[in-house]
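*Asks:* Chains as they are written, first to last, in the working numbering: chain A, 7 to 339; chain B, 5 to 505; chain C, 2 to 324; chain D, 2 to 315.
Mind looking over this structure? Questions follow.
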Amino acid sequence: MNSFISRLKPRGREGSLGIILLVTVGITGLINPRFLTGDGTRDLFTSTAVVALLAIGMAPIIIMRHIDLSVASTVGLTAWFIADISAKNPDFTWVQCFIIGPLIGMIVGVLNGLLVAGLRLPSLVVTLGTLYIVRGAVYVISNSVDYNAQEMPPSLLDLGQKVFFGVMPFTFLLVIFAMLITAWFMKYRKAGRDCYAIGSNPHAADLVGLKVFRRTFLAFVFSGAMAGLAGVFYLMRFAQVDSTAFYGQELAVVAAAVIGGVTIAGGSGTTIGATIGALLVQTIQGGLAAIGVDAFWKSAINGLLLIVAIYADRTLARKSERTLLAQRIKERA
Amino acid sequence: MAQQGDLLLQMKGVQKRFGGAIALSGTDLSIRAGEIHALLGENGAGKSTMLKILAGVHVNDGGTISMAGRSFQTGSPQASIEQGIAVIYQEPSLFLDLTLAENVFIGRQPMKGAAIDWTLVQNEAARLFDELGVPLDPKRLARGLSIADQQVVEIAKALSMNANIILMDEPTAALSASEVERLMTVMQSLKAANKAVIFVSHRLDEVFMISDFITVMRDGATVSENSVEQTDMQKVIKEMVGRELTELFPKTEHDIGDVVLEVKDITNPAYFRNISFKVRKGEIVALAGLVGSGRSEVARAIFGIDKYDSGSVEVNGELLQKGSPIVSMERKIALVPEDRRQQGLFMIAGVDRNIAMESFDRLKGKIFLNFKKERTLTETWRDKLSIKFESASDPVDSLSGGNQQKTVLAKWLATNPDILIVDEPTRGIDVGTKAEVHKLIDAAAGEGKAVLMISSELPEVLGMADRIIVMREGHQVAELSRKDATQEKVIAAATTGSKGA
Amino acid sequence: MKFKLRFTWDTSILILLVVVWILASLTTDNFLSSINVSQIFSNTSEITIMAFGVIFLIITGEIDLSVASVLALSSSMLGWSYAHGAPIWLAIIIAMVVGSLCGFINGFLVTKVGLGSLAVTIGTLALYRGIANGILGTNTINEFPEFWTGFGFDTIGTSFIPQSLPIIVIFGIGFALLLHNTPFGRRTLAIGQSPEAARFAGINVVKHKIIVFTFTGFMAGVAGVIYTFRFSTAQADNGVGLELLVISACLLGGVSIFGGIGTMWGVIAGVLLAGSVESWLTLREINAQWRTIVTGILLLTSVAAPVLINKAKAAKIRAGNRS
Amino acid sequence: SAKTKLKIAHIPKLGTIGYFQAADKGVQRACKELKATCAYKGPTEITAAAQVKEINAAVQSGYNVLIIAANDKDALVPALKAARKKGVTVVTYDSDVAKAGRSIFVNQASSEGIGNALADSAADLAGDSGEIAVLSTTPDATNQNVWIDYMNKRLASAHPNVKVVATAYGLDKPEESTTETQGLIQKYPNIKAIVAPTSVGIVAAAKYVSGSSSKGKVFVTGLGLPNDMKTYIKDGSGAQASLWDVENFGYVAVQIANSIVNKKQSVKVGKKIKSGKGDHGLKKRVVIKGAVGNEVILGPATVFTADNVDNYDF
Ligand SMILES: Nc1ncnc2c1ncn2[C@@H]1O[C@H](COP(=O)(O)OP(=O)(O)OP(=O)(O)O)[C@@H](O)[C@H]1O
Ligand SMILES: Nc1ncnc2c1ncn2[C@@H]1O[C@H](COP(=O)(O)OP(=O)(O)OP(=O)(O)O)[C@@H](O)[C@H]1O
Ligand SMILES: [Mg+2]
Ligand SMILES: [Mg+2]
């Protein structure tokens with residue numbers, strides 16, 4: 007019985023998040039049935055894709071007790087670069103974009119990784135620094151040139167419009183794919199397990215000889231690559247880009263991951279949770295718009311939601327602490 | 005496969021320095037296959053440092069290490085593991101967010117194809133726990149495990165590595181008698197499989213029961229290496245300490261006055277139950293017991309770090325508010341905590357800042373701190389306790405362990421308390437300094453302070469205390485006066501709870 | 002015997018500041034002109050004021066990302082209550098009270114409820130600005146008494162001293178004394194160095210942190226007032242994005258993100274350095290675009306330089322030991 | 002007296018968007034004609050604070066003309082007043098500041114004209130009856146609010162069967178604008194047109210509609226750059242966009258500044274002021290009384306349709 011429950015436990019978090027998501031979708035749908043139509047569902051997936059992809063990339067980093075604030079700038083950088091390259095090479099198709107995007111993102115990831123893992127500098131400060139540097143680089147390089155749909159590869163934009171079964175956009179299908187692969191990787195590969203160990207007890211990770219540098223470095227490179235891919239997604243979705251693209255969205259990504267049960271203190275969380283977290287945030291965003299809530303209160307509701315989410319997390323942790331204490335008292339008696 | 009008696013590991017003239025402090029000054033150690041080799045020495049003799057060099061945590065500054073004839077590569081835990089070394093550290097270092105099974109196999113999980121074979125991980129962990137005879141669920145998280153159980157997981161981890169040499173740094177310190185027995189069985193079976201165990205322990209009876217060889221260290225150097233038949237307990241103690249034991253405990257007789265601290269029936273069900281005792285002016289009362297018996301928690305509860313559920317504490321006959329260190333300090337109680345690095349000191353702050361910490365009332369004018377007074381205070385206590393440092397603004401981190409301990413004592417003595425509680429006051433400090441600390445504690449009692457001392461070192465308890473209260477698993481099991489107390493009686497009470505309970 | 006040279010970033014940043022001033026006045030005509038100096042002060046006034054609070058918070062090992070939103074909310078409350086007939090002095094007090102309240106809520110959630118400050122203040126960052134949005138909606142309040150709006154912008158007489166500078170100086174001296182010369186400051190540092198040891202030293206860590214959070218909020222409220230008057234505008238999107246600049250300024254000034262280390266003059270030098278570099282680049286007519294990059298580089302340098310220098314020093318010592 | 006050599010600082014709302022880039026092309030063209038020095042000082046955030054820094058720095062660096070599109074009508078005034086005290090000529094364009102802060106405002110079109118054009122275009126797309134919705138930028142954007150007011154008035158008088166059911170705010174960000182567009186269509190399934198008087202919002206709305214099942218049912222119109230909107234005007238989603246000649250906008254602003262500084266022309270109501278020989282169409286503009294103070298009007302907006310959109314490149 008006991009082991010049955012503990013086997014359920016890791017899945018429990020994602021399960022309850024999933025239920026919360028369904029309830030939220032349900033409530034919104036009750037108030038406004040159009041939210042649940044094919045278009046409504048498709049819109050939800052389309053608009054979640056970018057943040058979800060970034061949250062999947064960020065999850066391993068947060069699990070390792072780090073953070074990557076530079077992702078939004080990286081999205082801006084890749085989106086602009088790809089538009090620029092495609093504009094200059096009209097024969098480019100989506101294939102090139104899907105290759106170039108992650109590569110550009112990885113450059114930022116390598117920089118972050120070297121500084122955080124190599125010099126062991128605090129990731130908050132390092133990625134805050136690269137946030138500015140990368141955004142500044144977009145400003146300077148772009149020289150305020152912006153790009154529109156007609157300058158982008160039509161095959162890329164078509165792909166952005168592609169929808170399976172009427173509800174599943176191509177981009178979100180890729181997100182699900184990325185989510186499943188990373189979830190599998192984090193659960194079934196040593197490198198993935200090392201991430202949890204490193205975030206859980208960095209000191210002990212050194213003692214038992216885990217490859218802390220390599221894992222940390224690669225996690226940042228991975229996050230960079232995902233941010234690069236997210237840059238491609240950004241173009242597919244908006245078909246326009248200027249140097250301020252995705253400005254200031256980094257905290258939204260952190261929020262999605264945290265709401266999805268990836269704890270800032272490290273050591274726990276999954277990419278499935280992070281994806282559900284992103285969906286939840288977007289459902290509420292979209293729901294508020296669909297219900298017609300005053301735009302002015304939207305940000306307040308978002309903030310409140312995040313606080314409630316971490317409070318729920320804390321309460322769960324407290325509960326298990328209390329169970330342990332009770333157990334201890336019984337032993338001591 | 006090594007044969008019984010083959011030389012597995014040889015360390016010659018190994019040296020290690022930490023900044024200015026010399027931890028190892030040329031240590032030798034030879035380990036053969038199929039032996040249990042005890043490494044003995046006072047606190048700070050350098051035992052852990054030896055093991056950590058083998059474990060790849062530290063790199064030796066000098067000397068040679070060879071393993072099975074080849075030069076041993078130090079400096080990376082990974083390399084050590086690959087060279088067949090497994091370690092059980094003094095402080096358990098588990099990953100609290102991972103399951104026990106995963107803690108055992110982290111970094112070495114068995115694979116099935118491209119994926120970790122979780123069933124195998126769990127079954128293997130369960131098998132190891134079975135072998136160790138502990139009913140631990142391999143699927144539970146490590147968070148919330150007791151220190152003893154954490155140690156068991158560490159042991160399971162070391163066993164699972166299938167290493168040739170297993171290093172155990174005080175593995176029994178937190179274990180109960182039956183758990184110790186099982187560990188010994190495991191060690192025997194390792195020996196039978198021709199592996200070597202290096203075993204550090206302060207419990208000499210255990211050492212003599214199980215080991216084949218005993219190496220004694222003192223002040224970072226090897227003093228002797230003998231097979232267990234060639235030596236005996238008296239000889240080993242003498243080699244460890246290097247001088248007559250009596251010098252260590254400069255206890256003098258003081259007048260014992262009225263009751264200053266009275267603890268009445270305090271209970272915190274998770275840690276201790278129904279603890280009652282009195283400490284008088286000029287008296288040193290020791291709380292003895294095994295690690296984990298709850299002594300520190302009693303001290304914390306009195307001082308107000310933790311709360312307790314029932315009972316009361318009185319100071320000079322008046323009730324002490326619980327749960328408030330500030331009030332306790334006002335009532336002139338001082339607590340020198342057991343972990344000076346975590347609890348006693350602000351390691352990156354200067355010596356002066358640390359010493360001033362509890363004495364702001366006397367250092368400030370109306371609002372602002374008077375830096376001149378602060379300097380005087382530091383100098384006063386530097387001279388009184390002969391604390392050695394170069395500049396008062398040096399971070400205490402740069403001080404040697406003994407001087408750190410003196411700094412903690414200084415900052416609390418500077419508050420001129422009526423009640424001085426010291427928890428493991430000599431942990432990790434060298435022999436000479438130890439005697440000085442004992443002198444300080446004795447002097448404090450001489451000035452009429454009531455002293456409550458917690459110590460895991462029996463000689464210290466026997467040598468310093470006027471009265472000894474023994475705790476076992478959170479219960480107060482015996483009270484012995486200075487003249488009644490013997491090593492045997494205290495051990496008997498601490499391990500079996502005989503007398504009382 | 003052992004030559005002691007402890008490298009501290011906050012001393013170096015002062016030197017760097019002087020270097021920047023020298024270079025800037027050599028390469029531009031009017032860097033050290035009274036107007037420009039005054040503008041450096043007034044452009045950085047809100048950041049400085051907020052940094053005075055945030056430095057205490059970072060030193061205790063916490064962080065507050067919501068300060069810029071608190072600025073906006075108190076600015077909005079100032080405008081809203083003034084527009085609803087409150088006398089200006091009352092409106093100012095309301096703004097500061099609202100700021101303190103926001104800080105207190107952050108502190109309460111972090112210490113009493115036990116949530117991480119990074120996550121909590123990401124949440125309140127959105128929450129407070131959202132409330133400001135909700136209160137002011139489409140309104141912008143621009144009509145404030147001349148005296149006060151001048152106060153935010155004008156200089157004292159014909160001197161180069163902006164009228165807000167005395168406030169900054171008073172707060173600066175006050176907080177410097179508080180941090181370095183009082184038990185409160187010592188306890189703040191102690192909590193950041195080791196929260197556990199602080200508890201054993203008889204410090205009420207929870208209460209102390211709540212106080213620090215609250216006055217961080219209060220300072221953000223003051224910054225909100227200054228911002229409102231400097232631009233004679235109360236609106237919900239005042240000060241968007243300033244939080245990261247405030248934190249950058251603190252880190253630049255040598256405050257450790259892990260807590261326990263930091264000096265007031267380091268932070269003041271940090272703010273002035275960032276402000277001076279920006280002003281220098283602006284006077285050299287270097288695009289705003291480049292300035293973003295420079296901010297990032299300064300920030301990276303501030304964390305990497307001490308580590309690299311200490312590493313080099315350790316390597317030297319090791320080499321010395323061997324010989 | 003000798004002509005003052007103009008040193009012009011062009012401070013747009015935001016340096017990084019195409020709209021102001023286009024305006025700056027006009028600024029450069031005028032500067033070349035006048036042999037003036039000019040610099041584009043676009044801030045990287047759309048805030049008054051960022052503009053104040055640019056204003057102060059420009060004044061110190063000896064610029065004597067500021068061409069500004071203001072992020073806030075009041076917040077810049079103290080800085081602009083100080084600049085004018087030092088003899089700097091301030092001309093605002095695109096969005097104005099309070100009277101005290103500038104000499105004259107170059108208005109893109111009369112607010113009423115824009116409001117009417119929006120109303121007419123929307124009514125046209127909606128078939129002169131049914132529901133429409135508005136997607137604006139930030140709730141406190143002065144221009145947009147005025148235009149929407151005029152649009153509503155025009156609808157009430159000329160197209161009484163067209164009803165505005167909602168106004169949403171996309172904050173001039175693609176993300177928010179798209180979400181708000183989705184919300185509008187979900188909440189009001191019967192709307193026939195979305196009017197977006199913002200160059201960011203209109204693209205986001207058009208992009209969303211062109212890729213959704215609403216394509217051909219919901220039409221987008223508003224103010225947008227031809228380059229941004231080309232794709233959606235031509236892809237069969239039936240979008241329209243209109244805009245004044247942005248490039249000429251910058252040109253006229255500089256020429257008028259020159260007339261004030263070097264020709265000492267008065268900016269009193271009713272006076273004619275030279276707007277340069279390269280001013281598309283006119284060479285002079287009449288000063289009129291605007292909502293805030295005196296202003297000149299750039300001229301009517303062009304409606305971009307599938308037929309003419311390829312003739313424009315900005
Ligand atoms: N990381 C370190 N930095 C500085 N000094 C250290 C460090 N580790 C150990 N030391 C010092 O080296 C000496 C040897 O310490 P070590 O831990 O090896 O002693 P030990 O024999 O294991 O003692 P114990 O019985 O208390 O565990 C001590 O003086 C200690 O203070
Ligand atoms: N981090 C922890 N998690 C779980 N249990 C703990 C933890 N730390 C201590 N304990 C338990 O609390 C009890 C009391 O421990 P404590 O260290 O106070 O005992 P002690 O008698 O003072 O021993 P020591 O000599 O080590 O100070 C023990 O049973 C121990 O296992
Ligand atoms: Mg040891
Ligand atoms: Mg203890």
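We put the CB at the ideal spot given by N, CA and C, even for glycine.
Every value quoted in this text rests on a predicted model; they were computed, and no experiment measured them.
Taking 8 Å as the threshold (beta carbon to beta carbon), is Ile262 (chain C) in contact with chain B?
*Replies:* Yes - at least one Cβ of chain B is within 8 Å of the one on Ile262 (chain C).
*Asks:* Buried or exposed for Gln8 (chain B), please, with buried defined as at least 16 other CB atoms from any protein chain shown within 10 angstroms of its CB.
*Replies:* Answer is exposed; the Cβ neighbour count stays below 16.
*Asks:* Taking C-beta pairs closer than 8 Å, name the residues in chain D that Thr293 (chain C) reaches, listed in chain order.
*Replies:* The answer, in chain order, is Thr45.
*Asks:* So the alpha helix (DSSP H) Ile337 (chain B) belongs to, where does it begin and stop?
*Replies:* Taken as a continuous stretch (DSSP letters only), Ile337 (chain B) belongs to no alpha helix (DSSP H), being part of the beta strand (DSSP E) at 337-340.
*Asks:* Can you list, in chain order, the residues of the segment 111-123 of chain C whose Cβ is nearer than 9 Å to any Cβ on chain A?
*Replies:* If the cut-off is 9 Å between Cβ atoms, the segment 111-123 of chain C has Val114, Gly115, Leu116, Gly117, Leu119, Ala120, Val121, Ile123 near chain A.
*Asks:* Using a Cβ-Cβ cut-off of less than 9 Å, give me the residues of the segment 124-157 of chain D that come near chain C, in sequence order.
*Replies:* Residues Thr139, Pro140, Asp141, Ala142, Thr143, Asn146.
*Asks:* Is DSSP giving Pro271 (chain A) helix, strand or coil here?
*Replies:* Correcting the residue identity first, residue 271 (chain A) is Ala in this sequence and not Pro. Ala271 (chain A) falls in the coil class under three-state DSSP.
*Asks:* Let me check understanding here. Comparing Cα to Cα, which of B:Asn198, B:Ile260, B:Ile218 lies closest to His206 (chain B)?
*Replies:* The residue with the shortest Cα to Cα distance from His206 (chain B) is B:Ile218.
*Asks:* Take Ser4 (chain B) as the anchor and find which of B:Val426, B:Leu140, B:Phe307 has the nearest alpha-carbon.
*Replies:* Nothing can be reported for residue 4 (chain B): it is not among the residues displayed for chain B, which extend from 5 to 505.
*Asks:* In chain order, what residues of the same chain have a beta carbon less than 6 Å from the beta carbon of Asp427 (chain B), not counting five sequence neighbours either side?
*Replies:* Result list for Asp427 (chain B): Ser300, Ala303, Pro341, Glu342, Ile458, in chain order.
*Asks:* Can you list, in chain order, the residues of its chain with a C-beta nearer than 7 Å to that of Ser229 (chain A)? Leave out the 5 residues immediately preceding and following it.
*Replies:* Cβ neighbours of Ser229 (chain A) beyond the five flanking positions: Gly63, Met64, Ile67, Asp74, Val77, Gly115.
*Asks:* Does any CB atom of chain B fall closer than 8 Å to the CB of Asn311 (chain C)?
*Replies:* No, its Cβ sits nowhere closer than 8 Å to a Cβ of chain B.
*Asks:* Compare the Cα-Cα distances from Arg103 (chain D) to each of D:Lys26, D:Ala120, D:Asp75 and report the closest residue.
*Replies:* Here the closest residue by C-alpha is D:Asp75.
*Asks:* Counting contacts by CB-CB distance shorter than 8 Å, is Arg71 (chain A) in contact with chain D?
*Replies:* It does not: the Cβ of Arg71 (chain A) has no partner Cβ on chain D nearer than 8 Å.
*Asks:* Taking a Cβ distance cut-off of 8 Å, strictly less, list which residues of the segment 350-363 of chain B are near chain C, in chain order.
*Replies:* Under the 8 Å Cβ criterion, the segment 350-363 of chain B contributes Phe350, Met351, Ile352, Ala353, Arg357, Ala360, Met361, Glu362.
*Asks:* Jot down the residue ranges of each uninterrupted alpha helix (DSSP H) in the segment 4-39 of chain C, minimum 4 residues, whole runs only, in chain order.
*Replies:* Listed in chain order, the complete alpha helix (DSSP H) runs (minimum 4 residues) inside the segment 4-39 of chain C are 10-28.
*Asks:* So which residues of chain D does Ala87 (chain C) contact, with C-beta pairs closer than 9 Å?
*Replies:* Simply none; closest approach about 20 Å.
*Asks:* For Ile307 (chain A) and Gly131 (chain C), I'd like the C-alpha separation in whole angstroms.
*Replies:* Whole-angstrom Cα-Cα distance: 7 Å.
*Asks:* Whole angstroms are fine: how far does the CA of Ala250 (chain C) sit from the CA of Leu137 (chain C)?
*Replies:* Going by the C-alpha atoms only, they are around 30 Å apart.
*Asks:* Look up Asp269 (chain B) in the DSSP assignment and say whether it is helix, strand or coil.
*Replies:* In this structure, Asp269 (chain B) counts as strand in the three-state DSSP scheme.
*Asks:* Check whether the segment 180-197 of chain D touches the segment 122-129 of chain D, counting contact only when three or more Cβ pairs, one atom from each stretch, lie closer than 8 Å.
*Replies:* These segments touch.
*Asks:* Quick check on this structure: which residue in B:Gly67, B:Ile169, B:Ser75 has the alpha carbon closest to the alpha carbon of Ala197 (chain B)?
*Replies:* Considering only alpha carbons, the answer is B:Ile169.
*Asks:* Only counting the same chain, and skipping five residues up and downstream in sequence, which positions put a Cβ closer than 6 Å to that of Ile69 (chain D)?
*Replies:* Correct list, in chain order: Ile12, Thr93.
*Asks:* Taking a Cβ distance cut-off of 7 Å, strictly less, list which residues of the segment 258-280 of chain A are near chain B, in chain order.
*Replies:* Answer in chain order: Gly273, Ser274.
*Asks:* Using the beta-carbon count (16 or more within 10 Å), is Phe276 (chain B) buried or exposed?
*Replies:* Under this definition Phe276 (chain B) is a buried residue.
*Asks:* By Cβ distance below 6 Å, which residues in the same chain neighbour Ala130 (chain B) in space, the five residues on each side in sequence not counted?
*Replies:* Taken in chain order, the residues that qualify are Pro142.
*Asks:* Is the segment 58-66 of chain D touching the segment 274-291 of chain D, taking contact as three or more C-beta pairs under 8 Å?
*Replies:* With the cut-off at 8 Å, the segment 58-66 of chain D and the segment 274-291 of chain D do not touch.
*Asks:* Along chain E, which residues have their Cβ under 8 Å away from the Cβ of Ile258 (chain C)?
*Replies:* This model lacks chain E altogether; the protein chains it does include are A, B, C and D.
*Asks:* Determine the burial state of Pro175 (chain A): buried for a count of at least 16 other Cβ atoms within 10 Å of its Cβ, exposed for fewer.
*Replies:* With 16 or more Cβ atoms within 10 Å of its Cβ, Pro175 (chain A) is classed as buried.
*Asks:* Leaving aside the five residues before and after Ser53 (chain A) along the sequence, list all residues of the same chain whose C-beta is less than 6 Å from its C-beta, in chain order.
*Replies:* So the qualifying residues of the chain are Gln288.
*Asks:* Run through chain C and tell me which residues come within less than 8 Å of Ala24 (chain D), C-beta to C-beta.
*Replies:* Ordered by position in chain C, no residue passes the 8 Å Cβ test against Ala24 (chain D), which lies about 17 Å from the chain.
*Asks:* Per DSSP, which residues does Ser211 (chain D) bridge with? Please list them.
*Replies:* In DSSP, Ser211 (chain D) forms no bridge with anything.
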